[in-house]
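Peer 1:
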Amino acid sequence: MALKLNDIHKSYGGGQDGPVKKVLEGISMEINPGENLAILGPSGSGKSTLLNIIGALDRPDSGEVLFDGAAINTYTDDQLALFRNREVGFIFQAHHLLPQCSVLENVLIPTLPLKDPALKKECFSRAEDLIKEVGLWEQKDQLPGTLSGGECQRVAVVRALINKPRLLLADEPTGSLDRKNAMGVADLLLGLNKEHGAALIIVTHSQEVGERMSKAYQLVDGQLKTK
Numbered sequence: 191m192a193l194k195l196n197d198i199h200k201s202y203g204g205g206q207d208g209p210v211k212k213v214l215e216g217i218s219m220e221i222n223p224g225e226n227l228a229i230l231g232p233s234g235s236g237k238s239t240l241l242n243i244i245g246a247l248d249r250p251d252s253g254e255v256l257f258d259g260a261a262i263n264t265y266t267d268d269q270l271a272l273f274r275n276r277e278v279g280f281i282f283q284a285h286h287l288l289p290q291c292s293v294l295e296n297v298l299i300p301t302l303p304l305k306d307p308a309l310k311k312e313c314f315s316r317a318e319d320l321i322k323e324v325g326l327w328e329q330k331d332q333l334p335g336t337l338s339g340g341e342c343q344r345v346a347v348v349r350a351l352i353n354k355p356r357l358l359l360a361d362e363p364t365g366s367l368d369r370k371n372a373m374g375v376a377d378l379l380l381g382l383n384k385e386h387g388a389a390l391i392i393v394t395h396s397q398e399v400g401e402r403m404s405k406a407y408q409l410v411d412g413q414l415k416t417k
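Using the working numbering, the letters of the sequence shown map in sequence onto residues 191 to 417.
(1) So, are the CB atoms of residue 283 and residue 396 less than 9 angstroms apart?
(2) Nearest by alpha-carbon distance to residue 218: which of 314, 268, 290, 243 is it?
(3) Residues in the same chain with beta-carbon distance under 7 angstroms from residue 339, minus the five sequence neighbours each way, listed in chain order, please.
(4) Just to confirm, are residue 351 and residue 292 a CB contact at a threshold of 9 angstroms?
(5) Nearest to residue 226 by CA position, among 412, 380, 297, 246, is which residue?
(6) Is the Cβ-Cβ distance between residue 356 and residue 277 less than 9 angstroms?
(7) Residue 324 to residue 318, Cα distance in whole Å?
(8) For residue 313, which residues of its own chain have a beta-carbon under 8 angstroms away from its beta-carbon, when the five flanking residues on both sides are left out?
(9) Would you please verify whether the beta carbon of residue 331 is less than 9 angstroms from any beta carbon of chain B?
(10) Alpha carbons only, please: which of 341, 359, 240 is nearest the one belonging to residue 412?
(11) Run through the stretch 227-315 for me and flag every whole alpha helix (DSSP H) of 4 or more residues, listed as ranges in chain order.
(12) Let me make sure I understand the geometry here. Which of 259, 220, 377, 214 has the alpha-carbon closest to that of residue 178?
(13) According to DSSP, simplified to helix, strand and coil, what is residue 336?
(14) Let me know if residue 369 comes out buried or exposed under the rule of 16 or more other beta-carbons within 10 Å of its beta-carbon.
(15) Given that a residue counts as buried once 16 or more other Cβ atoms are within 10 Å of its Cβ, and exposed if not, what is residue 401?
(16) Helix, strand or coil for residue 409 per DSSP?
(17) For residue 222, name the three-state secondary structure that DSSP assigns.
(18) Whole angstroms are fine: how far does the CA of residue 406 sit from the CA of residue 233?
(19) For the candidate residues 316, 197, 377, whose alpha-carbon lies nearest to that of residue 250?
(20) Over the uninterrupted alpha helix (DSSP H) stretch that includes residue 384, give me the two end residues.
(21) Between which two residues does the alpha helix (DSSP H) carrying residue 399 extend?
(22) Exposed or buried, what is residue 385 when buried is set at 16 or more other beta-carbons lying within 10 Å of its beta-carbon?
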């Protein structure tokens, strides 16, 4: 897998929505299998917009998003949905766990569309292995409301990995955690990045989290600057 962005532009507003706000202006970057990088910047700088374009949750106004050489920004909505489910794992600041489901059930949610019994069994086994890997096996039958914030975020990380994505996108995954839990989640993401080989892009306002990544960019005035 190779992900490449070529001259990405994105603006909001205009017309009845008020003046045009340029968010991304000529963004180009590349990440290869197994690599990890951070995108830093203050709130409102466009970090989440950039991550959403990378993960096919949003489309650029112009430019190309290439995944294995294919321009995913030209995909149909159905193609994009399939791409997101197969190739991308998302982790957000809010863990978005279903409160009525156990840890194990939450991890398995992305596998619900699967029809093949053998594939479902494989995913169940993978879920068990991943839950053990992040140290939550004893809590596998517990509901999210009984877990700490750090534990809930670890469950969200495992859920993002269940379909073996080749690209892992984390949007402020430590933003709601105290320093100890934040560093624990950052180290967990790096460990899983190394162990499972999924490329990792983490958006954060935390300099300390950014410094843990192999490469860091600063998003300034709509453009990426190497730190």
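We put the beta carbon where it would ideally sit given N, CA and C, even for glycine.
Just so you know, these numbers come straight off a predicted model, no measurement behind them.
Peer 2: Let me spell this out:
(1) no
(2) 243
(3) 366, 367, 371
(4) no
(5) 380
(6) yes
(7) 10 angstroms
(8) 298, 301, 304, 352, 353
(9) Absent here is chain B; the protein component of the structure consists of one chain.
(10) 240
(11) 237-244, 267-277, 293-298
(12) As shown, the chain starts at 191 and ends at 417. That puts residue 178 outside it, with no answer to give.
(13) helix
(14) exposed
(15) exposed
(16) strand
(17) coil
(18) 17 angstroms
(19) 197
(20) 369-386
(21) 397-401
(22) exposed
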